[in-house]
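Undergrad: Residue numbers (the numbering used here): 7 to 124.
#1: Have a look at residue 45 and residue 61 and give me their C-alpha separation to the nearest angstrom.
#2: Look at the alpha carbon of residue 109 and the alpha carbon of residue 47, and state the distance between them as a whole number of angstroms.
#3: Determine the closest residue to residue 59 out of 73, 69, 41, with distance taken between C-alpha atoms.
#4: According to DSSP, is residue 114 helix, strand or coil?
#5: For a test of the three-state rule: what should DSSP assign to residue 4, helix, strand or coil?
#6: Between 64, 38, 90, which has its C-alpha nearest residue 114's C-alpha?
#7: Output yes or no for whether 8 Å exceeds the beta carbon distance between residue 79 and residue 67.
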């Protein structure tokens with residue numbers, strides 16, 4: 007969770023000086039942001055190794071220029087933060103339940119790391 011907050015802070019600092027590069031997403035960018043949010047959920051659940059996380063994020067962002075990938079990642083972080091809204095970080099049981107529910111949703115069903123066995 008702390009890794010995500012750090013990354014979101016870094017991304018925000020990268021995006022602000024660029025004149026608030028449009029954060030609106032087209033269909034492909036929106037789909038990539040959803041995929042990255044799913045990867046973040048799987049990572050938070052402990053389903054992914056660091057290499058799995060990096061590989062899946064890289065795959066989701068492979069078709070985009072660096073600036074667009076940064077915006078997509080920032081949107082995914084925002085979506086992930088919104089998913090956790092209202093849940094105290096100290097309530098790990100509720101956090102895990104929310105993450106498992108999101109991971110099992112239609113948004114994330116096609117995503118499972120190759121090293122994770124169901």
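Glycine included, every Cβ here is placed at the ideal spot set by N, Cα and C.
TA: Let's see:
#1: Numbered from its first residue, the chain shown carries residue 45 at position 39. Numbered from its first residue, the chain shown carries residue 61 at position 55. Approximately 10 Å, taken between the alpha carbons.
#2: The residue you call residue 109 lines up with position 103 of the chain shown. The residue you call residue 47 lines up with position 41 of the chain shown. Using only the alpha carbons, I get a separation of about 6 Å.
#3: Walking along the chain shown from the start, residue 59 turns up at place 53. Nearest to residue 59 by alpha-carbon distance, out of 73, 69, 41, is 41.
#4: In the chain shown, counting from the first residue as 1, residue 114 sits at position 108. Annotated three-state conformation of residue 114 is coil, per DSSP.
#5: Any property of residue 4 remains undetermined from this structure, which presents the chain solely from 7 to 124.
#6: Taking the first residue of the chain shown as position 1, residue 114 is located at position 108. The residue with the shortest Cα to Cα distance from residue 114 is 38.
#7: Residue 79 sits at position 73 when you count from the first residue of the chain shown. Residue 67 sits at position 61 when you count from the first residue of the chain shown. Between residue 79 and residue 67, the C-beta gap is smaller than 8 Å, which places the two residues in contact.
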